[in-house]
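One structure is given here, and the rest of the page talks about it.
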Amino acid sequence: MSKINFSEFDKWNKEKVLITGGAGFIGSNLARRIVDLGGEVTIVDSLIPDYGGNLYNLDGYESKLNINFSDIRDKYSMEYLLKNKSIIFNLAGQTSHLDSMLNPHTDLEINCIAQLSLLESCRKLNPSARIIFTSTRQIYGKPSYLPVNENHKINPVDINGIHKLSTELYLKLYNQIYGLNTSILRLTNTIGPRMRIKDARQTFLGIWIKNLIQGTPLEVWGGEQIRDFNDVDDVVDALIICAKNQNVLSTPYNLGSSEPIKLLDLAKKMIKIYGKGEIKYMEYPKVRKKIDIGDYYSCYKKFKNHSGWDPKNNLDNTLEKTLNYYSKNFKFYK
Ligand SMILES: NC(=O)c1ccc[n+]([C@@H]2O[C@H](COP(=O)([O-])OP(=O)(O)OC[C@H]3O[C@@H](n4cnc5c(N)ncnc54)[C@H](O)[C@@H]3O)[C@@H](O)[C@H]2O)c1
C-alpha cells in the first residue's frame, strides 16, 4: 500500500503525452495541469457540435501544446498521433446517456470501435505506452447497495454504459494477453470550471449553473435522488496517479466523494453560494426515468488504499469556484 506523494508525480520533463478529448471538460483541465508540470502535450479532439469540446477551455495554453483536430474514429490519424507518446489519456467520448439511446450506432463507433482500434494501434506501434481510460459509474446500473464498490454487480441501464463496459473489457484483455499498461477509472459526476453548461448532456448541474447566471429557476426533477460529485481537480490528480503509479495498473477503480447529497439539497446549496436563485419542482420526465439509476454514490476505498488518492476539495468550495468561473466566462459557454 503506497501513500500518495505528489512531488514524485510532478516531474514530467517534456514527457510526451496524448490526451484524446483534450478540448473537453476533464481533458482540458488535465492538459493545462500537465503543461504546467512540464509535459509535452498533444490534444486530439474532433469538436463535434453538441459534444463537450470548447476551444476556450484551452485559453492561454494554445501556444504551449499541440492541438490536432482529428476524430478518434480515424485510425490513420490516431496511429500517427500515438506513435511516440509515453502516456495516452483516452478521454474522448460520446458522453450523453440519452443520446446513446437515440443514436446507439454513433455511441458504438466512438465508445467501442474507436477504442478497440486505439488499443490495436498501441499493440502494434507503441506497446509500452501507459493508457488511461475514463469509464463511468453508469456501468453498475441501479445500485443494490450504497456506497457502490467495485464488487457491485455490473448492470448497465443504457447503451453508453454497455459500450464503456466493453472498452473496460478490451483494456483488461489487452493488458492480460499483450501486456499493455492500461488503467481504468470509473468516474462519478465530475464538476468544475470548463464543464459543459449549455445543456444537460454532460450533467444537469451544468444547466443549473446556466439557470442561476441567467436568473431563471433551477428545475429540480424529483429532488430526492442522492448523488456524489468530484471536483475536476481531484479527478485530474487521480488521472495523473494512474499515469505514474505502477500500483494501479489494469484493475478498474471507482472515484467518488465522501459527501453524497440529495439533489434538492444541492440546488439549495448552489442558490445559497450564488446568493440568489429559485427552484421549480418538476416530475421526473418519463423518457429519462427508464434509464435513471435512482440513488448512487461510490466507494473509492480501493483506489485510496492502492494510491493514497483522497479528494482534497469539498463540495462547497468546488461549487463556489465553479460558479465564480462561469460568472466571469459565461459568454464562452452559453
Ligand atoms: N464528466 C463526468 O461527470 C464524467 C463521468 C463519468 C465518465 N466520464 C468520462 O470522462 C471522459 C471525459 O468526459 P468529459 O466530462 O470531459 O466530457 P466532454 O464531452 O467535455 O469531453 C469529451 C471530449 O471528447 C471529444 N470527442 C468526442 N467524440 C470524439 C471523437 N470521435 N474524436 C475525437 N474527440 C471526440 C469531445 O469533442 C469533447 O471535447 C469521457 O470519456 C466520459 O465518458 C465523465
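Quick note: the sequence shown uses this note's numbering, first residue 632, plus one each step. C-beta atoms are modelled at their ideal positions from N, C-alpha and C, and glycine is treated no differently.
In the structure shown, what three-state DSSP assignment does residue i receive?
i, result
"P735", "helix"
"W839", "helix"
"N660", "helix"
"R827", "coil"
"N757", "coil"
"L880", "coil"
"D865", "helix"
"D668", "In the sequence as presented, Asp is not what sits at residue 668; that position holds Leu. In the structure shown, L668 sits in a helix (DSSP, three-state: H, G or I)."
"L649", "strand"
"L886", "coil"
"L849", "strand"
"L870", "helix"
"K634", "Unreliable positioning characterises K634 in this predicted model, as indicated by a pLDDT of 48, which lies under 50. The coordinate reading is nonetheless provided below. K634 falls in the coil class under three-state DSSP."
Out of the options, state which residue places its alpha-carbon closest to the alpha-carbon of residue i.
i, options, result
"D865", "A874, H736 and D941", "D941"
"W643", "G655, N660, V666 and E740", "V666"
"K903", "N878, L954 and S797", "L954"
"G939", "N721, L777, K893 and K875", "K875"
"W839", "L897, D676 and D947", "L897"
"G669", "L689, A723, K695 and K645", "K645"
"P694", "T673, L678 and S701", "A small fix is needed here, since residue 694 is Ser in this sequence, not Pro. Looking at the Cα atoms, T673 is the closest of the given residues."
"A745", "N721, D730, N757 and L756", "N721"
"I719", "G792, L804, A760 and F640", "A760"
"L733", "G823, K933 and R919", "R919"
"S958", "L886, L894 and G846", "G846"
"G724", "L678, N742, H736 and D730", "N742"
"L661", "A869, N885, L804 and N936", "A869"
"F961", "L749, I657 and R825", "R825"
"K684", "R832, K716 and D947", "For the record, residue 684 in the displayed sequence is Gly; it is not Lys. Checked all of R832, K716 and D947; the closest Cα to G684 is R832."
"N936", "E914, N945, I844 and V879", "V879"
"S814", "N885, L678, N699 and S659", "N885"
"T834", "K795, D923 and N699", "D923"
"N791", "D738, K647, M901 and K716", "D738"
"K952", "I910, E909, M901 and Y912", "M901"
"I822", "V867, E855, I857 and K647", "V867"
"L946", "Y915, I910, R858 and P883", "R858"
"V779", "L749, I828, S752 and R817", "R817"
"H794", "P916, F764 and N948", "F764"
"D702", "C873, V675 and Y682", "V675"
"E855", "L895, D862, L843 and L836", "L895"
"S881", "I762, E909 and D730", "I762"
"F640", "S659, R664 and K803", "R664"
"V863", "K841, K911, T819 and Y905", "T819"
"K647", "L696, S717 and I698", "S717"
"I808", "T949, L750 and K784", "L750"
Cβ of residue i less than 8 Å from any chain D Cβ?
i, result
"N734", "In summary, chain D is missing from the structure at hand, where a single protein chain is found."
Please list, in chain order, all residues with a C-beta atom less than 5 Å from at least one heavy atom of ligand 1.
Matched residues: G652, A654, G655, F656, I657, D676, S677, Y682, G683, G684, D702, I703, L722, A723, G724, T726, I741, T765, T767, L818, N820 and T821.
Extract the residue ranges of the alpha helix (DSSP H) inside the stretch 768 to 820, only unbroken runs of 4 or more that lie entirely within it.
Within the stretch 768 to 820, the alpha helix (DSSP H) runs of at least 4 residues that lie entirely inside it are, in chain order, 790 to 809.
The stretch 709 to 720 contacting the stretch 642 to 660, beta-carbon criterion three pairs below 8 Å
With the cut-off at 8 Å, the stretch 709 to 720 and the stretch 642 to 660 touch.
Length-filtered (4 minimum) alpha helix (DSSP H) runs lying within the stretch 680 to 751:
Residue ranges of uninterrupted alpha helix (DSSP H) with 4 or more members, entirely inside the stretch 680 to 751 and ordered along the chain, are 706 to 713, 728 to 733 and 735 to 739.
Which runs of the beta strand (DSSP E) spanning at least 3 residues fall entirely within the stretch 888 to 963, listed in chain order?
Listed in chain order, they are 910 to 913.
So, do the stretch 884 to 894 and the stretch 923 to 940 have three or more beta carbon pairs nearer to each other than 8 Å?
Cβ pair count under 8 Å is three or more, so yes.
Taking three-plus beta-carbon pairs below 8 Å as touching, is the stretch 697 to 710 in contact with the stretch 761 to 774?
Contact between the stretch 697 to 710 and the stretch 761 to 774 is absent: fewer than three C-beta pairs spanning the two stretches fall below 8 Å.
Would you call the stretch 787 to 802 and the stretch 847 to 856 in contact, with 3 or more CB pairs under 8 Å?
No, the stretch 787 to 802 does not touch the stretch 847 to 856.
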